[in-house]
Ligand SMILES: Cc1cc2nc3c(=O)[nH]c(=O)nc-3n(C[C@H](O)[C@H](O)[C@H](O)COP(=O)(O)OP(=O)(O)OC[C@H]3O[C@@H](n4cnc5c(N)ncnc54)[C@H](O)[C@@H]3O)c2cc1C
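Numbering (the numbering used here), first residue to last: 14 to 388.
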């Protein structure tokens with residue numbers, strides 16, 4: 014068993030955790046003694062290491078560089094588009110970790126984060142592999158472990174296969190099947206494209222019509238800003254986070270335009286219930302099905318934080334990357350920070366606020382405040 018006395022524990026080594034770690038190092042903090050970073054995955058790459066083999070970087074998937082990534086000798090600007098994205102991102106993030114000497118501890122799965130008597134945290138891990146008693150926890154846990162499932166009557170009675178986005182491996186697993194793809198985001202569209210010609214029939218269900226807009230950098234920026242604002246408003250109010258695609262719509266990339274021309278984007282309004290053999294449609298019709306792929310987005314993976322009162326489903330009050338109601342707890346990559354660009358800006362601020370809180374013990378961390386403030 015490992016016991017760490019480092020005052021800061023970063024949980025998660027995806028883009029959000031690595032960005033915070035970079036900025037902690039920039040502030041002179043030493044990995045291993047001033048902060049420890051753990052991850053439950055087997056290797057580097059965050060959620061990307063788990064993505065299906067056919068997913069490639071390129072037109073539909075652009076990843077911004079982590080801060081000062083060039084110093085590690087890599088950049089996504091000229092990343093190869095032939096190998097699977099999972100391999101490229103794992104390789105690049107691994108080099109970044111080594112460049113920063115982070116010594117990420119893995120696989121270490123945090124199972125519970127509770128308040129300790131001294132005002133810090135008691136952190137327990139699966140198999141009691143390690144224990145941590147940090148003053149500060151940075152939750153950079155992402156969403157991959159928490160795919161959404163709908164409340165739909167009859168879901169348990171359906172006898173076919175049901176998977177969520179993280180469980181998808183390859184189209185061939187659905188060869189010859191009648192498949193429903195449910196959801197209106199990038200993952201759902203990718204599944205529709207891959208299953209075409211492999212499954213015997215593919216039906217696309219969404220709750221609302223999906224808005225496709227022509228590719229335009231200004232519009233993209235504007236919609237991106239609007240989405241970040243909505244995410245930030247919800248996070249500050251402690252409300253569940255809104256779906257990003259419902260704000261931004263989908264850009265009409267060349268692959269999506271090809272899908273539209275090929276007639277693959279004919280949406281059917283969400284079915285009303287499931288039976289053992291298929292879906293009952295809104296117009297009373299019936300769609301026989303062998304499999305359903307739920308691609309309905311994700312919630313923040315906050316299960317281990319229930320002891321300190323956090324629930325992604327109910328909403329968490331998060332302002333400027335910190336949990337308003339839980340002194341010492343930061344959430345990196347949550348809400349408005351959930352993009353590679355947001356992760357960089359957020360990481361810098363979180364590192365500064367972590368240092369301020371360690372120095373002053375005042376919550377929320379306020380640069381310039383001192384311990385005399387009531388806390
Ligand atoms: C299909 C899909 C495609 C996407 N495409 C793009 C894209 O093209 N470009 C883009 O910018 N964004 C894309 N995104 C969003 C992108 O995935 C996220 O921006 C990014 O992965 C989030 O980074 P993160 O660090 O917040 O979380 P993650 O990458 O999920 O990292 C979180 C890490 O925390 C670890 N962890 C979680 N819980 C625990 C625990 N309890 N104990 C220990 N470790 C834990 C996990 O193992 C993981 O390594 C995509 C998302 C999906 C689902």
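Backbone N, C-alpha and C define an ideal beta-carbon position, used for all residues, glycine too.
Would you grab the beta carbon distance between residue i and residue j for me? Rounded to a whole angstrom, and I think it's under 8 Å.
| i | j | result |
| --- | --- | --- |
| residue 363 | residue 38 | Actually they are not in contact, since the Cβ atoms of residue 363 and residue 38 sit about 13 Å apart, beyond 8 Å. |
| residue 122 | residue 139 | 4 Å |
| residue 300 | residue 292 | 5 Å |
| residue 248 | residue 349 | 7 Å |
| residue 171 | residue 305 | 7 Å |
| residue 317 | residue 125 | 5 Å |
Secondary structure at residue i, three-state DSSP: helix, strand or coil?
| i | result |
| --- | --- |
| residue 385 | Bear in mind that a pLDDT of 49 at residue 385, under 50, signals an unreliable position, so the model cannot answer this. |
| residue 295 | coil |
| residue 128 | strand |
| residue 149 | strand |
| residue 160 | strand |
| residue 200 | helix |
| residue 239 | helix |
| residue 226 | strand |
| residue 137 | strand |
| residue 332 | strand |
| residue 350 | helix |
| residue 120 | coil |
| residue 171 | coil |
| residue 69 | coil |
| residue 165 | coil |
| residue 76 | coil |
| residue 286 | strand |
| residue 263 | strand |
| residue 17 | strand |
| residue 337 | coil |
| residue 61 | helix |
| residue 249 | helix |
| residue 321 | helix |
| residue 371 | helix |
| residue 302 | coil |
| residue 96 | coil |
| residue 275 | coil |
| residue 379 | coil |
| residue 28 | helix |
| residue 193 | strand |
Can the beta-carbon of residue i be found less than 7 Å from the beta-carbon of residue j?
| i | j | result |
| --- | --- | --- |
| residue 277 | residue 167 | no |
| residue 191 | residue 303 | yes |
| residue 216 | residue 197 | no |
| residue 66 | residue 97 | yes |
| residue 133 | residue 148 | yes |
| residue 120 | residue 53 | yes |
| residue 137 | residue 160 | no |
| residue 150 | residue 342 | yes |
| residue 99 | residue 61 | yes |
| residue 154 | residue 24 | yes |
| residue 239 | residue 260 | yes |
| residue 308 | residue 201 | yes |
| residue 163 | residue 114 | no |
Run the proximity test for residue i: is its beta-carbon closer than 6 Å to any non-hydrogen atom belonging to ligand 1?
| i | result |
| --- | --- |
| residue 50 | no |
| residue 307 | no |
| residue 217 | no |
| residue 76 | yes |
| residue 67 | no |
| residue 97 | no |
| residue 257 | no |
| residue 157 | yes |
| residue 29 | yes |
| residue 154 | yes |
| residue 135 | no |
| residue 274 | no |
| residue 165 | no |
| residue 24 | yes |
| residue 312 | no |
| residue 324 | no |
| residue 60 | yes |
| residue 10 | Outside the modelled stretch of the chain, which goes from 14 to 388, sits residue 10, for which no answer is possible. |
| residue 53 | yes |
| residue 317 | yes |
| residue 107 | no |
| residue 13 | The shown model of the chain, from 14 to 388, leaves out residue 13, and the question about it has no answer. |
| residue 122 | yes |
Does any residue of chain B bring its CB to less than 7 Å from the CB of residue i?
| i | result |
| --- | --- |
| residue 144 | No chain B appears in the structure shown, which is made up of a single protein chain. |
Would you call the segment 321-328 in contact with the segment 208-218, where contact means no fewer than 3 C-beta pairs closer than 8 Å?
no
For the 8 Å Cβ check, are there 3 or more pairs between the segment 174-193 and the segment 226-233?
no
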